[in-house]
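Novice:
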Amino acid sequence: MARPHIEPFCDRDVSFKNMTLPGFGRGMRYKMLSLDADTGACTMTVQLDGGYHQPPGFSWSELELIVVEGEVHLGERVLRKGHYLYAPAGYALPALSAPQGALVLLMYNTGEPSHVESDQHHAEAQAQLYHDVDAYMDLAWAPGNVTRPSVASGCLIKLLNYNPISHAMTFLYCMTPAFYQDNISYHDCAEESYHLWGTSWMMQFGDVPTGGYFWRPAYINHGAFASQYGCIALGRVDSKLFNHFHYNPWSTPVENQQRSAARVYQRDPLLYRWMVSHSHNHPHGPEDFEQTQAVRGEGYDHDQASVSDGKEHSHWHRHEHVHDHEHD
Amino acid sequence: MTFKNLFIEHSRSDEEEAWLQEEIEEQEARFLAIEQAMEDLTPRRARWYQEFFDRITTIGFNVDGDDKRVIPRAGLPVQPEGRRDRVVWKYGADSED
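So the protein sequences, as listed, match chains H and A. Going left to right, the first sequence walks through residues 1 to 328 as our numbering numbers them. Going left to right, the second sequence walks through residues 329 to 425 as our numbering numbers them.
1. If you reduce the DSSP assignment to three classes, tell me which class E192(H) lands in.
2. G410(A) touches chain H at which residues, Cβ-Cβ below 8 Å?
3. So the candidates are L74(H), D182(H) and D134(H); which of them puts its Cα closest to the Cα of F171(H)?
4. Flag this pair as yes or no: are the beta carbons of A102(H) and P56(H) separated by less than 9 Å?
5. Between S97(H), E192(H) and G75(H), which has its C-alpha nearest P4(H)'s C-alpha?
6. Would you mind working out which of L33(H), M202(H) and F214(H) sits nearest W376(A), comparing C-alpha positions?
7. Taking just the CA atoms, how far does Y247(H) sit from L404(A)?
8. Would the stretch 257 to 265 of chain H count as touching the stretch 204 to 214 of chain H if we require 3 or more Cβ pairs under 8 Å?
9. Restricting to Cα atoms, I'd like to know which of Y186(H), L270(H), M169(H) and E287(H) is closest to S239(H).
10. F245(H) to V295(H), Cα distance in whole Å?
11. Going by other Cβ atoms of all chains shown within 10 Å of its Cβ, with 16 needed for buried, is Y300(H) buried or exposed?
12. Between which residues of its own chain and S166(H) is the CB-CB distance below 8 Å, once the five residues before and five after are set aside?
13. Give me the Cα-Cα distance between A402(A) and G212(H), rounded to the nearest whole angstrom.
14. Output needed for R236(H): all residues of its chain with C-beta closer than 6 Å, excluding positions within five of it in sequence on either side, in chain order.
15. Let me know if T386(A) comes out buried or exposed under the rule of 16 or more other beta-carbons within 10 Å of its beta-carbon.
16. For S97(H), which three-state DSSP category applies?
17. Within its chain, find whatever has a CB closer than 8 Å to the CB of R318(H); leave out the 5 residues flanking it on each side and keep chain order.
18. Using C-beta distances below 6 Å, list every residue in its chain close to P177(H), excluding the 5 sequence neighbours before and after it, in chain order.
19. Can you check whether the CB of Y86(H) is closer than 9 Å to the CB of L129(H)?
20. Alpha carbon to alpha carbon, how far is V116(H) from S15(H)?
21. Mind checking the stretch 136 to 161 of chain H against chain A and listing, in chain order, the residues whose C-beta falls within less than 8 Å of any C-beta there?
22. Can you name the residues of chain A whose CB is closer than 7 Å to the CB of P56(H)?
23. Closer than 8 Å to a non-hydrogen atom of the ligand GDP - does that hold for the CB of F335(A)?
24. Determine the DSSP secondary structure at D13(H), reduced to helix, strand or coil.
25. How would you write the range of the alpha helix (DSSP H) that V264(H) sits in, first residue to last?
26. Is L33(H) helix, strand or coil when you go by DSSP?
27. Buried or exposed for D394(A), going by 16 or more other Cβ atoms inside 10 Å?
28. The beta strand (DSSP E) that contains I66(H), what's its start and end?
29. Chain A partners of D182(H), CB-CB under 8 Å?
30. Pop quiz: D11(H) and T45(H) are said to be a contact at Cβ under 8 Å. What is the actual Cβ separation, rounded to whole angstroms?
31. Do the CB positions of S61(H) and Y30(H) come within less than 9 Å of each other?
32. For I399(A) and R148(H), what's the separation of their Cα atoms in angstroms?
33. Using 8 Å as the cut-off, can you tell me whether the stretch 140 to 157 of chain H makes contact with the stretch 349 to 366 of chain A, which would need three or more C-beta pairs spanning the two stretches below that distance?
34. Decide if G297(H) is buried, meaning its Cβ has at least 16 other Cβ atoms within 10 Å, or exposed.
35. In its own chain, which residues sit with a C-beta less than 7 Å from the C-beta of A330(H), not counting the 5 before and 5 after it?
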């Protein structure tokens, strides 16, 4: 049943546990923030003790990591506070160590934490998707209006990861001091946040301090919002983010979901009628031909390809155009 | 969850299954504690709701970004009869109760 609603929670209120799963070695301790009971996907605050060392290897799950405090050595590189990385499933990371210790946020998106020692990517790894960035130093803050209607102007973001198919995002966000936004919001996607520093407030849940966390399933009311002294947090959504704003604190997730569907009907009535009237309710959605169509493959030679009349084709074509010069 | 670009099939060891079960049980306890804490916050939250209504009927409701619209008092919602104030929903719209 996916991850339950964990909100609010503060990792400062619980102790670290030793990581006992195989592959991680000694010196890795964690606080579980949220967990998918079916897949084992989870988000954890992780303390790497001074001298911790993990050999090169990959995870069966895609993973994301951000350095919260200290430094992490990844192969020859040093990842400092604010460094973020995304590693697809099966991507072999170099040896990871923390000579002086480090605190990181670690997210396993598709399965339980795992580490298979290897200096080779798994054959199915989409290695080209790997990326990392110093999110504090090498990215600029951008307005938070990535979707309309938008958050108020004192909420800024740095986009860290984006899935072009699901529109899932990972981002840093901050609220400037004295930020406030007077509406209640819900989304059609799950939302997650970890407060790296500072405190924000939501009308339903009260203060979320440094180390504060939430995993919120879709359609749950949150807001109004405020932050007296500002905050910086890592946020994620698991599919397209749309802000449904309203001012009824007593609406339920089912009512919010129905309102979302009503808005689809009002905005895209033809698509809505087609989906409902033809019972296109397969759990994985209708087929997207762009993802399933037969393709020509690597061996295809475009220039030598024949056209339908059996002749080779060329790129000569005739069209009318205005001359402002002489031809040779 | 739709974060994923890829899921690589693998089997879980008994050790991993045991770890997962332990974490599931601890998460259940964590959830129940949060649910109770949010229930206990209800009287305070009632005041926050009233202050919210006061602001959106005077300063305005954030419609989009910083654009605001003042909500007429007559347009404020009322709490449905018999519906308790609830903010924690275990599985959102799929919650069983």
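Backbone N, C-alpha and C define an ideal beta-carbon position, used for all residues, glycine too. These numbers were taken from a predicted model, which means no experiment stands behind them.
Specialist: A quick look at the data gives this:
1. strand
2. Chain H residues near G410(A): none, gap ~11 Å exceeds 8 Å.
3. D134(H)
4. no
5. E192(H)
6. M202(H)
7. 8 Å
8. no
9. M169(H)
10. 43 Å
11. exposed
12. D238, S239 and K240
13. 37 Å
14. T170 and E192
15. exposed
16. strand
17. Note that R318(H) scores a pLDDT of 48, beneath 50, so its modelled location is shaky and nothing firm can be said.
18. Y229 and G230
19. yes
20. 27 Å
21. N145, R148, P149, S150, V151, A152 and S153
22. Under the 7 Å cutoff, chain A gives no residues; its nearest Cβ is about 17 Å from P56(H).
23. What this structure holds is no ligand at all, so the ligand GDP is not there to describe.
24. helix
25. P253 to R267
26. strand
27. exposed
28. L63 to G70
29. F380, R383, I384, I387, G388, F389, N390 and K396
30. 5 Å
31. no
32. 20 Å
33. no
34. exposed
35. This structure cannot speak to residue 330(H), because chain H is shown only from 1 to 328.
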